[in-house]
Each structure stands twice: as structure tokens, then as C-alpha cells.
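Numbering (the working numbering), first residue to last: 89 to 366. Glycine included, each C-beta is placed from N, C-alpha and C at the ideal position.
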Amino acid sequence: MKRVLTERAVLTRLAALLLAALVLAAAPAAAQDTDYRAPRTHDDKPDLNGIWQALGAAHWDIEPHAARHGPVVEMAALGAIPGGLGIVEGGRIPYLPEALEKRDQNRENWLALDPAVKCYMPGIPRANYMPFPFQIVQTPDHVLIAYEFASASRVIYMNREGFEAPFDTWMGHSIGRWEGETLVVDVTSQVPDTWLDSSGNHHTDAIHVEERWTAMSPDHLQYEATITDENVYSQPWKISLPLYRRVDPNMQLLEFKCVEFAEELMYGHLRKGADAGP
């Protein structure tokens, strides 16, 4: 009887995996509705205004990954890191050998090293797939994106080719332009301190991100980003994922002033060190 139940469980699992594969196989066709034309702003550009949010586990790891233990043992199953199919096209980031070693070291010590744990601004593209909403506000000359996490924000300067950043910043320097229905943004001048997720995927200050934002339905944006950094990757690589409009009644960004949470963490480490004595 035990063997029969085991075989039945295996068959059930295989059926579930087959169904998931069929759903995933159909997903790209639905996501690429090239016939959709977004509503227009007063200057006849695609209207991307609204509050949006990513779903999934990319903020933990942008590569495909299995579920694993979380950092807080006391939370048990509720503190576990869910598995994810990944958002990296091709599955893996094309790291140079030394950069891959650094990624592995980061991953092994991610709770102590992840800049987002300390409430640092997440950088681009990570800010767009963290589990927090963000708001897009358009004008003809600028696109403002306000993020709930750490109250981060960025200004995309439209049609300002040649406008250089005076210095590197956490959220980078964004220059945008329209290509038909797609908002294309070149992001440069980012500090090297941000990560791409909580699994140690990293970059240097040579990173260049080309974002593409395209409305695929009234409540769905397709987000793509091509990432180049010759110090870390052997070639440019790409991520893509859908973003969903928050249609909740009276939806608005709320404050997530994470500094106070990070201060409690850092204070706790300092207090433990002091209690340990010389």
C-alpha cells in the first residue's frame, strides 16, 4: 500500500509539472500582444501613469532557483524563500570567472552583505521587481518613478541625449526616449554597491542598463532590461518580467521608512559586541 501511495504521489507531481509547463508555454504569446495601443497622454505618448508592482520571487534571486530555508529559523515555513522560474533570459547570468566567485561569496553571506538589508536604495533594475509598489508619473520632459521601498525615487530625463550625470548615485542617471509604444531608458552612473537581488548577483560602476517599458494591456506592462558590465559579465544579458497595475480602491504608496528597522538591526549587533567584552 505504501508503494502504491508513493507512485500515486509521483504521478500527481508529474501531472502538476506538465500543467505548469503547458501554462508557461502559452504565456509568452499572451505577454506579447503587439496590437495593443495604450491610451495617450496630452502630448500623444503612451500613458504609463499609475501604480505598478511585480509578482514572483525575482527579488530573492533573478535566476531560476528552488525553494530554500530563510534566514530566520523561528519563522519556519513562513520564513522560507520561495522558488522561482527566474527572469534572466537563457536562465543564467554570463559571469566572468572571478565575478562568479564573488557572487558565490556574496550569496553565502547575503544577510550580512545585501545592501537592501541595511535600507540602502536598491538601484536599477532591482527597484522594479522588489515586493513593493511604485508609481510612474509622466510629463513631456520628465518621467518620475517613486518607489515605496526606502522612499527611493528617480527622474528620467526625456530626450536629453548628451546630458551627463555630475557623479554616480544609488539610483543612477536615467535618459529616456520613446520608440513607438515603448519607453526606452538608458541608466548609467550607478554606484557599484547595489545588488541585483538577495542572492549576491552584483555589478560594478561600469554597469549600463537599457530598460524597455511597454504597455501590453490596460493593467499590464512588459518590463525588459539589457545589462552590460564588461568588468563582471562576458556579454550583455537580459531580464524580462510583467508588471501589474494596482487596482485596489484608493491605492496609494505608503511610507516604508526602513532606516529605523535597519538601525535596530545594527544597534543589536553593536550591543552584542559590547556585551561580549574585550
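Cutoff 7 Å; reference D285; Cβ partners in own chain excluding five residues on either side = As a working mapping, residue 285 is identified with position 197 in the sequence shown. Excluding sequence neighbours, D285 sits near A146, H147, W148, D149, I150, R214.
key: Nearest candidate by alpha-carbon position, reference I233, set Q141, G171, I169, D192   = Taking the sequence shown and counting its residues from 1, the one referred to as residue 233 is at position 145. I233 has its Cα closest to that of Q141, out of Q141, G171, I169, D192.
query = Considering only the beta carbon of each residue, do H296 and R191 sit closer than 9 Å?
reply = Numbered from 1 along the sequence shown, position 208 holds the residue referred to as residue 296. Numbered from 1 along the sequence shown, position 103 holds the residue referred to as residue 191. No; because the gap between Cβ atoms is not below 9 Å, this pair is not in contact.
key: C-beta atoms of G288 and D202 nearer than 9 Å   = Looking up residue 288 in the sequence shown gives position 200. Looking up residue 202 in the sequence shown gives position 114. One thing to note: G288 has its Cβ within 9 Å of the Cβ of D202.
ask   = Who are Q278's beta bridge partners in DSSP?
value = Taking the sequence shown and counting its residues from 1, one reaches residue 278 at position 190. Bridge partners of Q278: T257.
ask   = DSSP on G138, reduced to helix/strand/coil?
value = As a working mapping, residue 138 is identified with position 50 in the sequence shown. In the structure shown, G138 sits in a strand (DSSP, three-state: E or B).
request  = Grab the span of the alpha helix (DSSP H) containing R156 for me, first residue to last.
outcome  = Translated into positions along the sequence shown, residue 156 becomes position 68. Neither: R156 is in no alpha helix (DSSP H) and is coded neither H nor E.
inquiry  = Between which two residues does the alpha helix (DSSP H) holding K326 run?
reply    = Counting from 1 along the sequence shown, the entry for residue 326 is found at position 238. Where K326 is concerned, there is no enclosing alpha helix (DSSP H), although the beta strand (DSSP E) it sits in stretches over 325 to 333.
For T129: DSSP bridge partner residues = For this step, residue 129 is matched to residue 41 along the sequence shown. For T129, DSSP assigns no beta-bridge partner whatsoever.
query = How is R300 classed by DSSP in three states: helix, strand or coil?
reply = As a first step, residue 300 is located in the sequence shown; it is residue number 212 there, counting from the start. The answer is strand: DSSP assigns R300 an E or B state.
task = Mind checking which residues open and close the alpha helix (DSSP H) that includes E189?
result = The residue given as residue 189 occupies position 101 in the sequence shown. First-last of the alpha helix (DSSP H) with E189: 185 to 196.
request  = Can you grab the Cα-Cα spacing for the pair M163 / H157, in whole Å?
outcome  = By 1-based counting over the sequence shown, the position of residue 163 is 75. By 1-based counting over the sequence shown, the position of residue 157 is 69. When rounded, the distance between both Cα atoms is 10 Å.
ask   = Quick one: what's H308 bridged to in DSSP?
value = Translated into positions along the sequence shown, residue 308 becomes position 220. Looking at the DSSP output, H308 bridges to S305, Y332.
message = Just verifying my parser: in three-state terms, what is the DSSP assignment at A313?
response = The residue you call residue 313 lines up with position 225 of the sequence shown. Residue state, collapsed to three classes: strand.
ask   = Looking only at C-alpha atoms, which of A240, G167, F251 sits nearest to C346?
value = Counting from 1 along the sequence shown, the entry for residue 346 is found at position 258. Of A240, G167, F251, the residue nearest in Cα terms is A240.
inquiry  = By the three-class DSSP mapping on this structure, what secondary structure does G179 have?
reply    = As a first step, residue 179 is located in the sequence shown; it is residue number 91 there, counting from the start. In the three-state DSSP reduction, G179 falls in the coil class, being neither helix nor strand.
message = Which of the three DSSP states is assigned to A204 in this structure?
response = Counted from its first residue, the sequence shown places residue 204 at position 116. DSSP, read as helix, strand or coil, puts A204 in helix.
message = Could you pull the DSSP bridge partners for G295 from this structure?
response = By 1-based counting over the sequence shown, the position of residue 295 is 207. At residue 295 the sequence reads Ile, which differs from the Gly that was named. DSSP lists no partner for I295.
ask   = What's the gap between the Cα of D293 and the Cα of H261?
value = Against the sequence shown, residue 293 aligns to sequence position 205. Against the sequence shown, residue 261 aligns to sequence position 173. In this structure, the CA atom of D293 is about 12 Å from the CA atom of H261.
inquiry  = Rounded to whole angstroms, what is the Cα-Cα separation between Y321 and T314?
reply    = In the sequence shown, the residue the question calls residue 321 occupies position 233. In the sequence shown, the residue the question calls residue 314 occupies position 226. Those two C-alpha atoms are separated by around 12 Å.
ask   = DSSP state of M163, grouped into three classes?
value = The sequence position of residue 163 within the sequence shown is 75, counting from 1. When secondary structure is reduced to three states using DSSP, M163 falls in the helix class.
ask   = Where DSSP assigns a beta bridge to I169, which residues make up the other side?
value = Residue numbering aside, residue 169 sits at position 81 when the sequence shown is read from its first letter. Beta-bridge analysis with DSSP links I169 to R156.
query = Helix, strand or coil for A234 per DSSP?
reply = Here residue 234 refers to the residue found at position 146 of the sequence shown. Judged by DSSP in its simplified three-state form, A234 adopts strand.
key: For M246, the first and last residue of its enclosing beta strand (DSSP E)   = Locating residue 246 in the sequence shown gives position 158, counting from the first residue. Membership of M246 in the beta strand (DSSP E) is indicated by the continuous run 241 to 246.
message = For K133 and I139, I'd like the C-alpha separation in whole angstroms.
response = The residue given as residue 133 occupies position 45 in the sequence shown. The residue given as residue 139 occupies position 51 in the sequence shown. Between K133 and I139, the C-alpha separation is close to 18 Å.
ask   = Opposite S262 in the DSSP bridges: which residues?
value = Taking the first residue of the sequence shown as position 1, residue 262 is located at position 174. Answer by DSSP bridge pairing, in chain order: I244, V275.
request  = Hey, could you find the ends of the beta strand (DSSP E) F222 is sitting in?
outcome  = Counting from one through the sequence shown, the residue named residue 222 turns up at place 134. Going by DSSP, F222 is part of the beta strand (DSSP E) stretching over 222 to 226.
message = Checking the sheet assignment: what are the DSSP bridge partners for E267?
response = The sequence position of residue 267 within the sequence shown is 179, counting from 1. Its beta-bridge partners are T270.
query = Taking C-alpha atoms, which residue in V160, M304, I169, L184 lies nearest to Y332?
reply = Counting from one through the sequence shown, the residue named residue 332 turns up at place 244. When each option's Cα is compared against that of Y332, the closest is M304.
request  = Go through its chain and collect everything with a Cβ distance to I212's Cβ below 6 Å, but skip five positions before and after it.
outcome  = Here residue 212 corresponds to residue number 124 of the sequence shown, with the count starting at 1. Within its own chain, the residues whose Cβ lies closer than 6 Å to the Cβ of I212, once the five positions on either side in sequence are excluded, are G260, V275, V297, listed in chain order.
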